[in-house]
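Residue numbers (our numbering), protein chains in the order written: chain Y, 175 to 750; chain V, 2 to 321. Virtual Cβ for every residue (Gly too), placed ideally from N, Cα, C. The structure displayed is predicted, hence computed values, not measured ones. Encoded as structure tokens, the structure appears first; notes follow it.
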Amino acid sequence: MNVTYPAASFRQDATLPPVSSPLLTVQNLNVSFGPAHSRRAVVKGVSLTVEEGRCVAIVGESGSGKSVTARTLVGLTGARSHVQADLLTFQGKNIDRLGDEEWRALRGKHIGFVLQDALVSLDPLRPVGKEIGETLLVHRAIRTRADLTERVVDLLKLVGVPEPAVKARQLPHELSGGQRQRALIATAIALDPALLIADEPTTALDVTIQAQILDLLSETRERGKAMILISHNLAVVSQMADEVIVMRHGEIVEHGSAEQIFGDPRHDYTRGLLKAIPSVRSRGSRLSSSKAPRFISAEGEEVRELTQSDIAQRSRPLLEAERVVKRFRGPDGKLRTVVNDVSFSLGHGETLGIVGESGSGKTTVARMALALEMPDEGEVTLQGAPWTAATEKERRHRRSDISVIYQDPLSSFDPRWTIERVIDDALARRRGDPLDRTSRQSEVSELLDLVGLSPSFRTRRPLELSGGQRQRVAIARAIAPRPRIIVCDEPVAALDVSIQAQILDLLGDLKSHLRVSYLFISHDLGVVHHLSDRVLVMNHGEAVEAGGADEVFLRPRQPYTRKLVAAVPQLHFQAA
Amino acid sequence: MNAVKTIGNRSFWLARRLLSGLIVVWAAATFTFFVQFLMPGERAQIIFNANTGNVGEIPRDQLLAINARYGFNQPVIVQYGKYIRDVMHGDLGQSYVQYQPVTDLIARQIGPTIALAFAAMLTAWIITITTTVLFAGRDNIWSKALGGFQAFLATLPPYWLGTILLVVFAIQLRLFPVVGGNTLMGLVLPTMALALEIYGFLGQAVLSEFTRVLDQPFITSSRMRGTGDFSVRLRHALRHAALPGITLSGWIIGKLLSGAVLIEAVFGRQGLGGVLVTATSTRDIPVVSGVILVSAALFVATSLFVDLTVRLIDPRMKEA
Chain Y
175 MNVTYPAASF RQDATLPPVS SPLLTVQNLN VSFGPAHSRR AVVKGVSLTV
225 EEGRCVAIVG ESGSGKSVTA RTLVGLTGAR SHVQADLLTF QGKNIDRLGD
275 EEWRALRGKH IGFVLQDALV SLDPLRPVGK EIGETLLVHR AIRTRADLTE
325 RVVDLLKLVG VPEPAVKARQ LPHELSGGQR QRALIATAIA LDPALLIADE
375 PTTALDVTIQ AQILDLLSET RERGKAMILI SHNLAVVSQM ADEVIVMRHG
425 EIVEHGSAEQ IFGDPRHDYT RGLLKAIPSV RSRGSRLSSS KAPRFISAEG
475 EEVRELTQSD IAQRSRPLLE AERVVKRFRG PDGKLRTVVN DVSFSLGHGE
525 TLGIVGESGS GKTTVARMAL ALEMPDEGEV TLQGAPWTAA TEKERRHRRS
575 DISVIYQDPL SSFDPRWTIE RVIDDALARR RGDPLDRTSR QSEVSELLDL
625 VGLSPSFRTR RPLELSGGQR QRVAIARAIA PRPRIIVCDE PVAALDVSIQ
675 AQILDLLGDL KSHLRVSYLF ISHDLGVVHH LSDRVLVMNH GEAVEAGGAD
725 EVFLRPRQPY TRKLVAAVPQ LHFQAA
Chain V
2 MNAVKTIGNR SFWLARRLLS GLIVVWAAAT FTFFVQFLMP GERAQIIFNA
52 NTGNVGEIPR DQLLAINARY GFNQPVIVQY GKYIRDVMHG DLGQSYVQYQ
102 PVTDLIARQI GPTIALAFAA MLTAWIITIT TTVLFAGRDN IWSKALGGFQ
152 AFLATLPPYW LGTILLVVFA IQLRLFPVVG GNTLMGLVLP TMALALEIYG
202 FLGQAVLSEF TRVLDQPFIT SSRMRGTGDF SVRLRHALRH AALPGITLSG
252 WIIGKLLSGA VLIEAVFGRQ GLGGVLVTAT STRDIPVVSG VILVSAALFV
302 ATSLFVDLTV RLIDPRMKEA
């Protein structure tokens, strides 16, 4: 490590600090990366204090420097980092300039750290019990083997893992997502540290699991421990935090009590973040500050007179799934029913939201709607004609009627293709008269304009774009063949809240302009509620509840839907 | 219930692997049997030459006598059936030249070859683990040089390296015997000649995985519990990094068996190499076939061992 911590100054067994002094003090922290001649500052002049038993939240989007700030507190900013602070004290002792040994004495014992996504944060080759035991062993907190086993099982019990003695011997992938995250928290609180730092502890989890993990973290707080909670999810933060720090580009833009930040945000950026959260309140309004794009006129379609058959077709649903069932063979050779007896219909210009937790079968439904997966029973019809029951040869010329937008557009682009080629390729599949080269070129520019990208993007490649820009290109590609339906599978799940707001606004604008229908799939109830006319709730492959968006989310009838709605963290202190 | 299923899965897997291993050995036996008909020269002529020590045309009566004795006059399919039956009974036939069973010949010489291959593999692994744990993924010049050094070693032919080692350490410095026979000191230089090249391949595979794993969140997570750097490398990273190395070791065994032939010649060691060279030059077909068959069996056994080790280290494999 290039970090210079020469003189040792942290002593484990030094006398306790006076009660009045804060647990942690950071003054004017600066962190930069890279060699001296091209240093990149990622944290600029950050100051914060954490009192005993308080929860301080750091909120910001990716690249805001929130995680780096937290890692500084355990001396793990990595090689090639340069840490500088006017003051850095923990429990009254200076923790600036600590040696390796002293940092290690601090980590795990006095400061616990929980990373996001336990699937990658626990060693996949070691039983979870060993990972928890590691904290105890490293700090020599146990005497005998039996003692170790007992403490590990007790800890797993404490964090609410069922059958703790069995789970302790299992590997991370054998545990459910929620159990894994609980085990990871157990590794961090094993020695009851005075400060617990949780970096996006619930980001990869379903809402009901997220609610359980937040409860568990709240319990830890109730035992009088201080916490630093890092999250991009403002609703999560509003439930836990006493104090909130909003970071952007490595700087603190606003710092205040939770009541003040959520009730009376002073800074424009904070206000923008709060406004960007899609929910029932945001329906029908714009989430981002971006203006609706000036649209080119969609020529052709409107001027055409409606014929008898057109009118007949309008009265019928565009896409209809009739009691579809899909089974897959699991690794143990047994058939598992992934989608069971699900029916839905999607009308002209309508948005049907499908919401469910991971494993609920929502993506399989989307793949059947796209006829990429064939139902074992039942069928999907498109514009009144057989769709999944048709042969691929019959389907091919109709495929341009239905497009798709995925969560991660990067993996659905050829990385060597320019953006122009990506869109041009989709244009070539438009039905009707084939476009000649020059009109295709101008069409690419118009499409880019439509999704809010300048023509200069034509020559760029997918890897050179940000996540939001990539998703805009994915949308341009989806609308290029002039589809009637766009299947959106978690289109904003990988995006920061402000980018998510822009993409959701764009999808809303395009819907009214192009008169397309959306089959919109998401695990995020707020996102689905914001955009959908009707909603289908799925659980374990079955359609639990269906109806109008407000009806389902505001007056849920089924217990599962109620549980789901109740688990969504709500923004507290919302301004009236 | 769960445990029963796991054991059931494992023995089923093992049975399947053993069966496919047997098929490989049978294919090798079949291949070597039929290839002898593609070789130039009558088999009876080869035997006559070996027996009499001259290279003249075999007389008619001798030809008939030898063909009758060895069963060469029977239909090919009958000869093949007899050969496979003998192999299944552990009989690899008689050497044309040395008048003794091929199995005896191989049994006497296989020990030194296996010792050499095992020593080379072990040495390569020790160097790999040491250099990886000490130098990989650090922000210093040694860490950067390591990969390049390994790539350089991988390009060195072991027989050439063997000659250099022999000249420097045995002839110039007189630290090791020039012709060592089967003593432990005599094993050092040939082992190094083979091990350094293997290390070039093995080290690179382990190094790249080790460096990748060091950046994984679970490593950071472990550091955040207060685990020391050495501990993180040894207990977490090495186990992951060893996996591609172990898989590669199966392939290396094959390379070692052929590499040993040349190294045994360079160092004048006993071993299968010498047997194979002599047998090939005298067209002693049963011996050549026997060595190939034994090598195939060794190769099958080691790849089974490799797969078992991988499954032991990575318990996730058990479900596949």
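Using the Cα positions of R503 of chain Y and S295 of chain Y, report the straight-line distance between them to the nearest angstrom.
By one-based count along the first sequence, residue 503 of chain Y stands at place 329. By one-based count along the first sequence, residue 295 of chain Y stands at place 121. Going by C-alpha positions, R503 of chain Y is about 29 Å away from S295 of chain Y.
Just mark M89 of chain V as buried or exposed, buried being the case when its beta carbon has 16 or more other beta carbons within 10 Å.
In the second sequence, counting from the first residue as 1, residue 89 of chain V sits at position 88. With fewer than 16 other Cβ atoms within 10 Å, it is exposed.
Ranges of the alpha helix (DSSP H) found wholly within the segment 559-592 of chain Y, counting only runs of at least 4
You should have 566-570.
Using 8 Å as the limit for Cβ to Cβ distance, is K399 of chain Y near chain V?
Here residue 399 of chain Y is taken as the residue at index 225 of the first sequence, counted from 1. At a cut-off of 8 Å, the C-beta of K399 of chain Y has no neighbouring C-beta in chain V.
Own chain residues within Cβ distance below 6 Å of V420 of chain Y, not counting five before or after
For this step, residue 420 of chain Y is matched to residue 246 along the first sequence. Taken in chain order, the residues that qualify are V233, V427, E428, T444.
Less than 8 Å between CB atoms is the rule here; does G282 of chain Y satisfy it with respect to chain V?
Within the first sequence, the letter at position 108 stands for residue 282 of chain Y. With a threshold of 8 Å between beta carbons, G282 of chain Y makes contact with chain V.
Around the Cβ of S471 of chain Y, are there at least 16 other Cβ atoms within 10 angstroms (buried) or fewer (exposed)?
Position 297 of the first sequence, counted from the first residue, corresponds to residue 471 of chain Y. Reliability fails at S471 of chain Y, whose pLDDT of 43 lies under 50, so the model's placement of it is uncertain and the value that follows must be treated cautiously. The residue in question, S471 of chain Y, is exposed, as its Cβ has fewer than 16 Cβ neighbours within 10 Å.
In this structure, does DSSP put G721 of chain Y in helix, strand or coil?
Your numbering for residue 721 of chain Y matches position 547 in the first sequence. The answer is strand: DSSP assigns G721 of chain Y an E or B state.
Helix, strand or coil: which one does DSSP assign to Q615 of chain Y?
For the purposes of this step, residue 615 of chain Y is taken as the residue at position 441 of the first sequence. For Q615 of chain Y, the three-state secondary structure derived from DSSP is helix.
For L322 of chain Y and M712 of chain Y, I'd like the C-alpha separation in whole angstroms.
Numbered from its first residue, the first sequence carries residue 322 of chain Y at position 148. Numbered from its first residue, the first sequence carries residue 712 of chain Y at position 538. Looking at the backbone, the Cα of L322 of chain Y and that of M712 of chain Y are separated by about 42 Å.
Using a Cβ cut-off of 7 Å, pull out every chain V residue sitting near S295 of chain Y, in sequence order please.
Here residue 295 of chain Y refers to the residue found at position 121 of the first sequence. P218, F219, S222, listed in chain order.
If you follow the alpha helix (DSSP H) that Q80 of chain V is part of, which residue opens it and which one closes it?
Against the second sequence, residue 80 of chain V aligns to sequence position 79. For Q80 of chain V, the uninterrupted alpha helix (DSSP H) segment begins and ends at 77-89.
Within the segment 667-736 of chain Y, ranges of the alpha helix (DSSP H) (whole runs, at least 4 residues)
Entirely contained in the segment 667-736 of chain Y, the alpha helix (DSSP H) runs reaching 4 residues are, in chain order, 671-688, 699-705, 723-728.
Own chain, CB closer than 7 Å to D679 of chain Y, minus 5 neighbours either side, in chain order
On the first sequence, residue 679 of chain Y is found 505 positions in, with the first residue counted as 1. So the qualifying residues of the chain are R460, L461, S462, S464.
8 Å Cβ cut-off: residues of chain Y touching P316 of chain V
Locating residue 316 of chain V in the second sequence gives position 315, where the first residue counts as 1. Here the neighbours are L299, L345.
Close beta carbons around Q290 of chain Y, own chain, < 7 Å, minus the five adjacent residues each side
Residue mapping note: residue 290 of chain Y aligns to position 116 of the first sequence, counting from 1. The beta carbon of Q290 of chain Y is closer than 7 Å to those of D373, E374, P375, T377, A378 in its chain, skipping five residues each way along the sequence.
Going by beta carbon distance, what residues of the same chain come within less than 7 Å of T199 of chain Y, once the five residues before and after it are set aside?
Locating residue 199 of chain Y in the first sequence gives position 25, where the first residue counts as 1. Setting aside the 5 residues that flank it on each side, T199 of chain Y is surrounded in the same chain by T223, L261, T263, each with a C-beta closer than 7 Å to its C-beta; the list follows chain order.
Which one of V:T124, V:Y97, V:L166, V:V26 has the shortest CA to CA distance from I85 of chain V?
Within the second sequence, residue 85 of chain V is the residue found at index 84, counting from 1. Ranking V:T124, V:Y97, V:L166, V:V26 by Cα distance to I85 of chain V puts V:V26 first.
Contacting positions in the segment 227-258 of chain V - beta carbon closer than 7 Å to chain Y:
The residues in question are G227, T228, G229, H237, R240, H241.
Strand pairing of V420 of chain Y, partner residues [DSSP]:
On the first sequence, residue 420 of chain Y is found 246 positions in, with the first residue counted as 1. By DSSP's assignment, V420 of chain Y forms a beta bridge with Y:V233, Y:E428.
Under 8 Å between C-beta atoms of A545 of chain Y and R569 of chain Y:
Against the first sequence, residue 545 of chain Y aligns to sequence position 371. Against the first sequence, residue 569 of chain Y aligns to sequence position 395. Taking 8 Å as the Cβ cut-off, A545 of chain Y and R569 of chain Y qualify as a contacting pair.
Does DSSP put A66 of chain V in a helix, a strand or coil?
Here residue 66 of chain V refers to the residue found at position 65 of the second sequence. A66 of chain V falls in the helix class under three-state DSSP.
Quick one: is L19 of chain V near chain Y, going by C-beta distance under 8 Å?
Within the second sequence, the letter at position 18 stands for residue 19 of chain V. Among the CB atoms of chain Y, none fall inside 8 Å of the CB of L19 of chain V.
CB contact below 8 Å: D140 of chain V versus chain Y
Within the second sequence, the letter at position 139 stands for residue 140 of chain V. Chain Y, which has a Cβ nearer than 8 Å to the Cβ of D140 of chain V, makes this yes.
Would you say A741 of chain Y lies against chain V (beta-carbon separation less than 8 Å)?
To locate residue 741 of chain Y, count along the first sequence from 1; it is residue 567. At a cut-off of 8 Å, the C-beta of A741 of chain Y has no neighbouring C-beta in chain V.
CB H697 of chain Y to CB E719 of chain Y, shorter than 8 Å?
As a working mapping, residue 697 of chain Y is identified with position 523 in the first sequence. As a working mapping, residue 719 of chain Y is identified with position 545 in the first sequence. Going by beta carbons, H697 of chain Y and E719 of chain Y fall outside the 8 Å limit.
For the alpha helix (DSSP H) holding I115 of chain V, just list the boundary residues, first then last.
The count along the second sequence starts at 1 and reaches residue 115 of chain V at position 114. Taken as a continuous stretch (DSSP letters only), the alpha helix (DSSP H) holding I115 of chain V covers 103-136.
Quick check on the DSSP output: the beta strand (DSSP E) that includes F153 of chain V runs from which residue to which?
Taking the first residue of the second sequence as position 1, residue 153 of chain V is located at position 152. For F153 of chain V, no beta strand (DSSP E) encloses it; the enclosing alpha helix (DSSP H) starts and ends at 142-156.
Proximity below 8 Å, CB of L699 of chain Y to CB of L745 of chain Y:
Taking the first residue of the first sequence as position 1, residue 699 of chain Y is located at position 525. Taking the first residue of the first sequence as position 1, residue 745 of chain Y is located at position 571. No; because the gap between Cβ atoms is not below 8 Å, this pair is not in contact.
Is the Cβ of M225 of chain V closer than 8 Å to any Cβ of chain Y?
Working through the second sequence from its first residue, we reach residue 225 of chain V at position 224. Closer than 8 Å to some Cβ of chain Y, the Cβ of M225 of chain V qualifies, so yes.
Counting only beta-carbon separations shorter than 8 Å, does L693 of chain Y have a partner in chain V?
Taking the first residue of the first sequence as position 1, residue 693 of chain Y is located at position 519. It does not; no Cβ of chain V falls within 8 Å.
Partners in chain V for H313 of chain Y, counting only beta-carbon separations shorter than 7 Å:
One-based indexing of the first sequence puts residue 313 of chain Y at position 139. Those are G227, listed as they occur along chain V.
Residue nearest to G309 of chain Y in terms of C-alpha spacing, selected from V:T131, V:F300, V:V233, V:G291:
Counting from 1 along the first sequence, the entry for residue 309 of chain Y is found at position 135. According to the sequence displayed, residue 309 of chain Y carries Thr and not Gly. When only C-alpha atoms are compared, the closest one is V:V233.
Opening and closing residue of the beta strand (DSSP E) in which T555 of chain Y lies
For the purposes of this step, residue 555 of chain Y is identified with residue 381 of the first sequence, where counting begins at 1. Where T555 of chain Y is concerned, the enclosing beta strand (DSSP E) stretches over 551-556.
Using the C-alpha atoms, what's the distance from F32 of chain V back to I47 of chain V?
Counting from one through the second sequence, the residue named residue 47 of chain V turns up at place 46. Counting from one through the second sequence, the residue named residue 32 of chain V turns up at place 31. Straight-line Cα distance between these residues: approximately 20 Å.
Using a Cβ-Cβ cut-off of 8 Å, state whether T309 of chain Y counts as contacting chain V.
Your numbering for residue 309 of chain Y matches position 135 in the first sequence. Judged by the 8 Å Cβ criterion, T309 of chain Y is in contact with chain V.
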